[in-house]
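Participant: Protein chains in written order, with my numbering: chain V, 1 to 228; chain E, 229 to 456. All residues carry an ideal CB built from backbone N, CA and C; glycine is no exception. Supplied in structure tokens, the structure appears directly below.
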DNA sequence: TTAATTAGTGATCAGGCGATAAACAATTAT
DNA sequence: ATAATTGTTTATCGCCTGATCACTAATTAA
């Protein structure tokens with residue numbers, strides 16, 4: 001103890017973490033690092049940010065690529081399994097409320113510089129996990145939204161949405177998604193009030209779904225409140 | 229000639245291009261290369277694809293970074309200056325027709341794997357040219373679309389669109405843009421008929437603009453034709 | 001206290017990178 | 001034909017990269 005009091009080295013800042021926790025700490029900081037530098041970032045720079053030497057990384061991960069894979073896995077799994085499917089399909093509540101609440105929560109999770117950058121990098125790489133995630137969005141989110149819209153409109157709730165319906169849902173979803181890209185990646189000025197943006201996008205989408213597909217979704221609900 | 233007939237080397241495939249054309253050829257192929265490999269791609273691989281040796285690149289460009297800058301410049305300037313401003317503001321035609329034609333043309337230019345990838349890479353790098361382009365889209369496209377919508381709706385065409393209006397236009401525009409990302413970058417299945425997608429997106433946007441901002445845009449125009 | 005195990009470091013390797021210099025080959029000017 | 005100029009290649013440099021190995025320091029087990 002008294003030996004450590006000497007200013008020889010500023011070590012022993014914190015007690016050793018359990019191997020598993022240390023590993024997770026590495027992955028977390030590596031995620032931040034790669035999200036900024038891209039996956040071409042060097043292991044030495046990464047190690048410096050972790051406050052350790054570079055070879056130590058190879059005690060925890062067999063290779064840089066394995067580390068990267070773990071980064072992907074944690075990032076992609078982070079925003080999932082949060083009971084959104086139940087939220088979306090809870091027909092005791094108005095569909096517009098459900099959608100507003102869902103997109104508020106969903107964008108709270110994915111609208112970070114870290115998440116969006118990792119997502120776009122993996123998309124550019126054409127990684128399987130990216131395709132998997134796109135499939136999840138389509139099947140777990142957009143398809144259910146369409147089904148709820150059809151139910152709301154009194155249309156037959158068939159098993160699969162049509163290609164046109166799905167495309168319209170994608171355009172809607174992407175419009176919201178890209179708000180995050182503009183704000184956190186392009187760092188371009190956006191409408192400050194995110195929930196207002198979602199609200200307007202919902203009004204447009206529900207009105208459009210009603211008009212194009214002939215239903216009556218959101219009638220008497222979509223607020224025509226004056227803006228500004 | 230007869231000398232070249234010997235199988236010594238398969239050179240002399242083509243007469244020498246003018247220095248300027250050769251340079252342009254290099255930039256064009258470098259664009260393809262970097263769009264696939266990312267800007268971390270090596271100069272040796274690039275040279276191999278060009279059919280020359282690596283040092284030759286440095287006779288045409290002072291550094292790899294200068295070459296990359298030229299790639300950006302050509303890619304970003306490629307889709308511009310095509311008389312779209314006139315098209316958008318030609319009030320002798322219905323606004324919906326103008327918007328459909330504009331987005332047909334615009335997406336014909338930017339919906340290539342090459343363009344979209346370079347665009348996203350530069351966005352992730354936070355390059356000035358990317359911010360500049362975002363500004364161009366906002367000022368030359370979205371602001372004018374809003375002005376035309378306001379005029380169509382009988383609303384006062386004030387100088388600047390409100391933040392809410394602009395955001396709504398961005399959400400609309402981004403929804404269309406991301407169709408290209410899903411198709412050409414994620415290589416995810418999309419609605420085959422691009423113009424149908426644009427048509428539906430327009431119906432939704434115009435109906436939404438009408439509803440949220442209280443005008444009468446597109447009334448009697450938006451086709452309520454049954455979809456599939 | 002001592003032995004065994006785990007965490008972390010310093011030195012180093014082979015390979016790839018961007019970039020340069022000198023030599024060679026082809027074209028153009030005289 | 002000869003000289004000057006431009007286009008292209010071969011060889012190489014210094015640097016950085018991911019990865020490995022042998023070693024030291026810290027923790028845990030006996």
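Would you please verify whether the beta carbon of residue 435(E) is less than 7 Å from any beta carbon of chain V?
Facilitator: Yes, because at least one Cβ of chain V sits closer than 7 Å to the Cβ of residue 435(E).
Participant: Comparing C-alpha positions only, which one of 31(V), 209(V) and 184(V) sits nearest to residue 112(V)?
Facilitator: That would be 184(V), whose Cα lies nearest to the Cα of residue 112(V).
Participant: Which residues, in order along the stretch 148-182 of chain V, keep a beta-carbon less than 9 Å from a beta-carbon of chain E?
Facilitator: Against chain E - using a Cβ distance shorter than 9 Å - the residues of the stretch 148-182 of chain V are 162, 163, 164, 165, 166, 167, 168, 170, 171, 172, 173, 174, 175, 176, 177, 178, 179, 181 and 182.
Participant: With three or more C-beta pairs closer than 8 Å as the rule, is the stretch 160-171 of chain V touching the stretch 399-412 of chain E?
Facilitator: These segments touch.
Participant: On a CA-only basis, which of 188(V), 103(V), 36(V) and 95(V) is nearest residue 359(E)? Give me that one, please.
Facilitator: Residue 359(E) has its Cα closest to that of 188(V), out of 188(V), 103(V), 36(V) and 95(V).
Participant: What residues from chain E crowd round residue 200(V), counting only those whose CB sits closer than 9 Å?
Facilitator: Per Cβ cutoff of 9 Å: 392, 395, 396, 399, 436 and 440.
Participant: Compute the beta-carbon to beta-carbon distance between residue 146(V) and residue 165(V), rounded to the nearest angstrom, for a pair I have assumed lies under 8 Å.
Facilitator: Between residue 165(V) and residue 146(V) the Cβ distance is about 5 Å, and since that is below 8 Å, they are a contact.
Participant: Going by CA-CA distance only, name the one from 315(E), 320(E) and 279(E) that's closest to residue 328(E).
Facilitator: Nearest C-alpha to residue 328(E): 315(E).
Participant: By Cβ distance below 8 Å, which residues in the same chain neighbour residue 269(E) in space, the five residues on each side in sequence not counted?
Facilitator: If we look at residue 269(E) and ignore the five residues flanking it on each side, its Cβ neighbours are 261 and 262.
Participant: Give the straight-line distance between the Cα atoms of residue 223(V) and residue 390(E), rounded to the nearest whole angstrom.
Facilitator: Residue confidence for residue 223(V) is low, a pLDDT of 41 falling below 50, so the modelled location carries little weight; the figure read from the coordinates is stated next. Going by the C-alpha atoms only, they are around 18 Å apart.
Participant: Let me know the secondary structure DSSP gives residue 290(E) once reduced to three states.
Facilitator: DSSP places residue 290(E) in coil when its eight states are reduced to three.
Participant: Applying the criterion that 16 or more other CB atoms from any shown protein chain within 10 Å of the CB defines a buried residue, is residue 286(E) buried or exposed?
Facilitator: By the 10 Å Cβ count, residue 286(E) comes out exposed.
Participant: Anyone know if the C-beta pair for residue 303(E) and residue 357(E) falls short of 7 Å?
Facilitator: Result no, Cβ atoms of residue 303(E) and residue 357(E) do not sit closer than 7 Å.
Participant: Taking only three categories from DSSP, how would you classify residue 123(V)?
Facilitator: Reduced to three states, the DSSP call for residue 123(V) is helix.
Participant: Where does residue 277(V) sit, in a helix, a strand or coil, going by DSSP?
Facilitator: Outside the modelled stretch of chain V, which goes from 1 to 228, sits residue 277(V), for which no answer is possible.
Participant: Between the C-alpha atoms of residue 180(V) and residue 200(V), what's the straight-line distance to the nearest angstrom?
Facilitator: Using only the alpha carbons, I get a separation of about 16 Å.
Participant: Helix, strand or coil: which one does DSSP assign to residue 440(E)?
Facilitator: Looking at residue 440(E) - three-state DSSP - the assignment turns out to be helix.
Participant: Would you call residue 194(V) buried or exposed, if buried means 16 or more other Cβ atoms sit within 10 Å of its Cβ?
Facilitator: Residue 194(V) should be labelled buried.
Participant: Select from the stretch 333-363 of chain E all residues with a C-beta closer than 9 Å to any C-beta belonging to chain V, and list them in chain order.
Facilitator: Result list: 345, 348, 349, 351, 352, 353, 354, 358, 359, 362 and 363.
Participant: Buried or exposed for residue 439(E), going by 16 or more other Cβ atoms inside 10 Å?
Facilitator: Result: buried.
Participant: Going by DSSP in three states, residue 19(V) sits in which element: helix, strand or coil?
Facilitator: Helix, per DSSP.
Participant: Does the beta-carbon of residue 28(V) have 16 or more other beta-carbons within 10 angstroms, so that it is buried, or is it exposed?
Facilitator: Per the 10 Å Cβ criterion, exposed.
Participant: Is any beta-carbon of chain V found at less than 7 Å from that of residue 238(E)?
Facilitator: Only weak support is given to the placement of residue 238(E): the predicted model assigns it a pLDDT of 34, under 50, and the value that follows is read from those uncertain coordinates. Answer no: the Cβ-Cβ gap between residue 238(E) and chain V never drops below 7 Å.
Participant: Given that residue 77(V) touches chain E, what residues does it touch there, using C-beta distances under 9 Å?
Facilitator: Ordered by position in chain E, no residue passes the 9 Å Cβ test against residue 77(V), which lies about 19 Å from the chain.
Participant: Would you check if the stretch 77-93 of chain V and the stretch 134-144 of chain V touch, i.e. whether three or more CB-CB distances between them fall below 8 Å?
Facilitator: The stretch 134-144 of chain V vs the stretch 77-93 of chain V: in contact.
Participant: Pick out whichever of 350(E), 437(E), 388(E) and 381(E) has its Cα sitting closest to the Cα of residue 299(E).
Facilitator: Taking only the C-alpha atoms, the option nearest residue 299(E) is 350(E).
Participant: Just to confirm, does residue 358(E) get its C-beta within under 6 Å of one of the non-hydrogen atoms of the ligand COA?
Facilitator: With respect to the ligand COA, the structure shown offers nothing to examine, as it has no ligands at all.
Participant: Compile a chain-ordered list of the residues in the stretch 39-67 of chain V whose CB is closer than 8 Å to at least one CB of chain E.
Facilitator: Cβ contacts with chain E: 40.
Participant: Looking at residue 62(V): is its Cβ nearer than 7 Å to the Cβ of residue 110(V)?
Facilitator: Not a contact, by the Cβ cut-off of 7 Å.
Participant: Note down, one range per segment and in chain order, each alpha helix (DSSP H) of at least 4 residues found wholly within the stretch 365-439 of chain E.
Facilitator: Those alpha helix (DSSP H) runs which fall completely within the stretch 365-439 of chain E and span 4+ residues are 371-380 and 391-412.
Participant: Counting contacts by CB-CB distance shorter than 7 Å, is residue 71(V) in contact with chain E?
Facilitator: No, its Cβ sits nowhere closer than 7 Å to a Cβ of chain E.
Participant: Does the Cβ of residue 232(E) have 16 or more other Cβ atoms within 10 Å, making it buried, or fewer, making it exposed?
Facilitator: Legend: pLDDT at residue 232(E) = 31, less than 50; position of this residue unreliable, no value from coordinates given.
Participant: May I have the straight-line CA-CA distance separating residue 154(V) from residue 378(E), to the nearest angstrom?
Facilitator: Each residue's Cα considered, the two are about 33 Å apart.
Participant: What's the gap between the Cα of residue 319(E) and the Cα of residue 38(V)?
Facilitator: Rounded to whole angstroms, residue 319(E) to residue 38(V) spans 46 Å at the Cα level.
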